[in-house]
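Q:
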Amino acid sequence: MGVRPFINCRGNATAIGGSIMPEPVLEAMRQAAGSFVALETLQERIGERLARRIGVEGALVSCGAASGVQQAAAACLTGTDAERVQRLPYTDGWRNRFVIPQVDVHDYIFQVIAAVGGVLVKVGSKESCPTSAIEAALDEDTAAVVHYLGKQTLEQLAEVVAVAEPRGIPVIVDAAAQLCRPAPT
Numbered sequence: 163m164g165v166r167p168f169i170n171c172r173g174n175a176t177a178i179g180g181s182i183m184p185e186p187v188l189e190a191m192r193q194a195a196g197s198f199v200a201l202e203t204l205q206e207r208i209g210e211r212l213a214r215r216i217g218v219e220g221a222l223v224s225c226g227a228a229s230g231v232q233q234a235a236a237a238c239l240t241g242t243d244a245e246r247v248q249r250l251p252y253t254d255g256w257r258n259r260f261v262i263p264q265v266d267v268h269d270y271i272f273q274v275i276a277a278v279g280g281v282l283v284k285v286g287s288k289e290s291c292p293t294s295a296i297e298a299a300l301d302e303d304t305a306a307v308v309h310y311l312g313k314q315t316l317e318q319l320a321e322v323v324a325v326a327e328p329r330g331i332p333v334i335v336d337a338a339a340q341l342c343r344p345a346p347t
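Under this note's numbering, the first residue of the sequence shown carries the number 163, and numbering increases by one thereafter.
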């Protein structure tokens with residue numbers, strides 16, 4: 163196809179293919195490709211298994227960082243309300259504001275949240291965003307806070323969760339480029 167491979171000095175990034183899949187994953191994909199399955203059921207089972215492996219409440223495999231953030235944003239807007247799911251991206255009158263620190267953020271985050279009806283509330287600057295700026299932007303119409311794990315650290319994430327959680331506001335974390343390790347079993 164004329165696309166040249168290269169030596170990756172960047173790490174895990176969707177724009178360059180995410181990461182190279184280990185042979186057991188490729189073999190599982192080859193086996194799965196030979197059968198028809200109910201994809202919704204398969205996705206649920208994979209999410210359950212992945213959640214157990216990494217020690218979290220729930221998981222969803224997406225096709226990249228942008229789609230993962232978009233799925234999370236849609237979930238924050240609709241919850242489990244099937245009627246609201248059908249109404250996306252028309253979110254007038256809902257909790258539809260997404261507080262997004264501008265430090266170390268990527269444009270795709272803005273685009274995918276707006277595409278599902280989210281209203282962007284950008285706080286801070288490209289250089290910094292103190293937790294107090296995030297807290298000041300939270301109100302009764304806030305659907306979620308978005309935290310990009312890069313320049314924004316795990317310590318800052320803990321601070322953001324500490325101000326959002328008591329208000330019932332979810333925190334979406336984009337950590338797609340970080341290496342996740344399975345929880346000990």
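Even glycine gets a Cβ: it sits at the ideal position worked out from N, Cα and C.
Where does VAL325 fall in DSSP's three states?
A: Look at VAL325 here: in three-state DSSP terms it is helix.
Q: Would you kindly report the start and end of the unbroken alpha helix (DSSP H) that includes PHE272?
A: 269 to 277
Q: On the three-pair Cβ rule with 8 Å, is the region 275 to 287 touching the region 198 to 215?
A: By the C-beta criterion, the region 275 to 287 is judged not to be in contact with the region 198 to 215, since fewer than 3 inter-stretch pairs fall below 8 Å.
Q: Classify ALA177 as helix, strand or coil using the three-state DSSP reduction.
A: helix
Q: What is the DSSP secondary structure of ALA306, reduced to helix, strand or coil?
A: strand
Q: Going by Cα to Cα distance, which pick from PHE272, VAL325, ILE271 is closest to GLU297?
A: VAL325
Q: Please tell me whether VAL278 and PRO251 are closer than 8 Å, where the distance is taken between their beta carbons.
A: yes
Q: Report buried or exposed for ARG329, applying the criterion of at least 16 other Cβ atoms within 10 angstroms of its Cβ.
A: exposed
Q: Alpha carbon to alpha carbon, how far is GLY312 from MET183? Give it in angstroms, no decimals.
A: 23 Å
Q: On the three-state DSSP scale, how would you describe LEU222?
A: Correct three-state label for LEU222: coil.
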